[in-house]
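Report on the following structure.
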Amino acid sequence: MTTALVIHGHFYQPPRENPRTERVECEPSAHPFHDWNERIHSECYHPNAYARIGDGQRRIVNNYARMSFNFGPTLLSWLARFHPDTYARILEADRASAVARGGHGNALAQGYNHVILPLCNERDLRTQVRWGIRDFSARFRRAPEALWLPETACDARTLGVLMDEGLRYVILSPHQAARVRPLGAQAWQQVASGDGADPTVPYKYFHPDGSGRSIALFFYDGRISQGIAFEGLLSSSRSLIERCVSAARGGEVPLVNVATDGESYGHHFRFGDLCLAYALEEEAAAHGFRVTNYGEFLDEHPPLWEADIKAGEGTAWSCVHGLGRWTRDCGCQTGAPEGWNQRWRTPLRAALDFLRDDAADKFEDAAGELLGNHWEARDDYVELLIAPSASRTEFLARHASKVLSEGERARALRLLELQRHAMTMYTSCGWFFNDISGLETVQVLRYAGRVLELLDELGFDAPREPFLEILAGAQSNVAAAGNGADIFRRHVMRADDVALADTALVLS
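In my numbering, the protein residues as written are 513 to 1020.
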């Protein structure tokens, strides 16, 4: 038996644009580059598009044409605007792989704003999946077979939505599985807590509603993926492939598959792009592997086993406590100083939930007067994000409940922008790191600030004070930073807003 090899890279950066100007501001921590997008593009995205093979022939290869990958939609938007050559190579790689692999391209879609999908309400969950699919289809000119779940965060409800949207498979951590059994068998086998599910075979997951609908699950090899991400396995292409050979058990298993952040290949590990290129172009075949992608493999090896995932709030690849990393002080962080805590995560989410729900109520009332099906219009609004030059007039003509005046057209679009920012403020990076004063969390708060501003512009009573009251419960570990409300006032509120607040304080 020839063992198939699939290496998946999840390429993503949080949106960095100032939500008022849609421009990325200077980020001094990315020095000598202007910002982190530019730095990581130079170290990773571009090198993988033009990877050099060190075999004396001075070959240049496109790693994206040999690996399974997904790119965050907001990152692709940035690449298309500022680095069209790299963007074109990514699209070209998917086209080439689809030709080489029976119509199965290497690219996967992704949940649009990289929010933790199981923590979304029902409406936002579906919109995030639909936006991810629509963005992918517009860019890659085909329907996606799969959607990368941000942080692989998953629960039964999320998998149900993926089935509803016609997706074929999903990639998960082996530790997200609860139990497995051969198709048609009655008895379940509990998954060993140490190893997780077997990563060498695909599984079927059946919808819990008893309809018989299903989606295929691939559980990546946790040990090799861990070696790539954290143990320096990219120091040698031979070492990387030899670890894969060990997992292949002498060719006895049909599949070896790994999944990591794509930034491992060049940003986290210098020359990781070169290691990957030589491993896929030379070492893999020399050791008996056939490099492929998940879609092609699934055609050849339909699941013979069924899997069930862990119940409860959901699971993810970067938190051993379910979804604690995005809801509470679970202990997961990125090397925080001794004595720090992440109790700020709970009030941060509570404040954003409050703001989201307030904005949704006001959107529903106001948009209901202008748009025939305002939530359907929100689902379609991604068309204007993908193609900013697209006709707003044509879009509104399709969705308006009546002939709109110029002012009503502007109001309808502003209401949809309100909803865009109300989802963007849940970008997962806001909770991932050590403190609420960090760069990523401040960016999340900036999107919340834009929601409040849009409510003002729309003539609503923006719930600024109750929002700040909840946010004040998020205490920073940095004494000088204060709490979440202090950070919001310092880094998010406009200078004239601060001046007005100070004036009001003096007058009182």
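Ideal Cβ positions, reconstructed from N, Cα and C, are used throughout, including at glycine.
Nearest-angstrom Cα separation, counted from residue j out to residue i
i       : j       : result
Gly996  : Leu860  : 8 Å
Ala619  : Tyr681  : 13 Å
Trp590  : Leu679  : 26 Å
Trp829  : Asn885  : 36 Å
Leu588  : Gly644  : 12 Å
Glu977  : Leu867  : 11 Å
Ala1011 : Met1005 : Residue placement at Ala1011 cannot be trusted, given a pLDDT of 37 that sits under 50; the coordinates are not used to answer.
Arg607  : Ala760  : 29 Å
Phe742  : Ser649  : 33 Å
Leu1017 : Pro526  : In this predicted model, Leu1017 has a pLDDT of only 32, less than 50, meaning its place in the structure is not dependable enough to derive any value.
Gln931  : Arg890  : 7 Å
Asp636  : Gln987  : 28 Å
Glu794  : Leu729  : 29 Å
Thr1015 : Asn989  : Because the pLDDT at Thr1015 is just 34, under 50, the model does not fix this residue reliably, and the value given afterwards should be weighed accordingly. Taking the straight line from one Cα to the other gives about 30 Å.
Ala1013 : Ala709  : Low confidence applies here, because Ala1013 scores a pLDDT of 44, under 50, leaving its location unreliable; read the following figure in that light. Roughly 56 Å between the two C-alpha positions.
Ala1007 : Ala655  : Unreliable positioning characterises Ala1007 in this predicted model, as indicated by a pLDDT of 39, which lies under 50. A coordinate reading is not provided.
His520  : Gly807  : 12 Å
His616  : Ile727  : 17 Å
Ala796  : Ile753  : 6 Å
Thr858  : Gly985  : 9 Å
Trp943  : Leu896  : 29 Å
Leu1019 : Glu952  : The pLDDT assigned to Leu1019 is 29, lower than 50, so where the model puts this residue is not dependable, and the model offers no usable value.
Ala697  : Leu674  : 25 Å
Ser917  : Ala879  : 14 Å
Gly584  : Arg593  : 14 Å
Arg782  : Leu983  : 39 Å
Gly847  : Leu928  : 39 Å
Gly843  : His833  : 9 Å
Val954  : Gln701  : 45 Å
Arg613  : Ala668  : 31 Å
Asn625  : Ser940  : 8 Å
Asn530  : Tyr790  : 39 Å
Glu965  : Arg958  : 10 Å
Pro540  : Thr586  : 22 Å
Asp647  : Ile898  : 6 Å
Pro544  : Thr712  : 43 Å
Of the listed residues the options, nearest to residue i (C-alpha basis)
i       : options                           : result
Glu555  : Gly734, His780 and Val641         : His780
Gly724  : Ala650, Phe730, Thr639 and Glu818 : Glu818
Asp721  : Gly672, Asn560 and Ala728         : Gly672
Ala922  : Arg890, Thr905, Tyr806 and Glu895 : Thr905
Trp856  : Arg535, Arg782, Gly950 and Ile821 : Gly950
Arg603  : Ser705, Met935, Ser940 and Tyr557 : The sequence shown places Leu at residue 603, rather than the Arg named in the question. Ranking the options by Cα distance to Leu603, first place goes to Tyr557.
Leu695  : Gly615, Leu816 and Thr712         : Leu816
Ala577  : Ala561, Phe583 and Ala863         : Ala561
Ala665  : Ala912, Glu895, Ile821 and Asp877 : Ile821
Asn549  : Thr533, Arg638, His595 and Ala600 : His595
Ala862  : Ala872, Thr839 and Ala798         : Thr839
Leu864  : Phe972, Trp887, Phe979 and Ile999 : Phe979
Thr639  : Ala992, Leu792 and Asp892         : Asp892
Arg1053 : Pro711, Lys716, Leu631 and Thr712 : Residue 1053 is absent from the model: the chain starts at 513 and stops at 1020.
Asp870  : Cys831, Phe972 and Pro900         : Phe972
Pro686  : Arg601, Ser758 and Pro714         : Pro714
Proximity of residue i and residue j at Cβ, strictly below 8 Å
i      : j      : result
Gly763 : Gly800 : yes
His933 : Val963 : yes
Phe809 : Val518 : yes
Leu684 : Phe731 : yes
Asn575 : Leu788 : yes
Glu663 : Ile628 : yes
Leu883 : Ala924 : yes
Asn946 : Trp852 : yes
Arg750 : Thr514 : no
Leu967 : Ala974 : yes
Val956 : Met937 : yes
Leu659 : Gly706 : no
Gly734 : Phe523 : no
The ligand HEM heavy atom lying under 7 Å from the CB of residue i
i      : result
Ser580 : By its list of ligands, the structure shown contains no ligand whatsoever, and the ligand HEM lies outside what it can speak to.
Host alpha helix (DSSP H) of residue i (start-end)
i      : result
His558 : His558 to Ala561
Ile628 : Looking at the DSSP string, Ile628 is not in any alpha helix (DSSP H), and its letter there is neither H nor E.
Phe545 : Per DSSP, Phe545 belongs to no alpha helix (DSSP H) and is neither H nor E.
Residue i, enclosing beta strand (DSSP E) - first and last residue
i       : result
His520  : Thr515 to Phe523
Ala689  : Ala689 to Pro694
Ser726  : Ser726 to Phe731
Val641  : Careful: Val641 lies outside any beta strand (DSSP E), inside the alpha helix (DSSP H) at Glu634 to Phe652.
Arg1001 : Counting along the chain, Arg1001 falls outside any beta strand (DSSP E), though it belongs to the alpha helix (DSSP H) covering Gly996 to His1003.
Asp773  : Leu767 to Asp773
Ala619  : Ala619 to Gln622
Phe581  : Ser580 to Phe583
Val462  : There is no way to answer for residue 462, as the model of the chain reaches only from 513 to 1020.
Whole alpha helix (DSSP H) elements within the segment 781-869, 4-residue minimum: Secondary structure in the segment 781-869: the alpha helix (DSSP H) runs of 4 residues or longer, each lying completely within the stretch, are 784-790 and 806-812 in chain order.
Which full runs of the alpha helix (DSSP H) of 4+ residues lie inside the segment 930-993, going along the chain? Contiguous alpha helix (DSSP H) elements confined to the segment 930-993 occur at 941-944, 951-969 and 976-983, taking only those with 4 or more residues.
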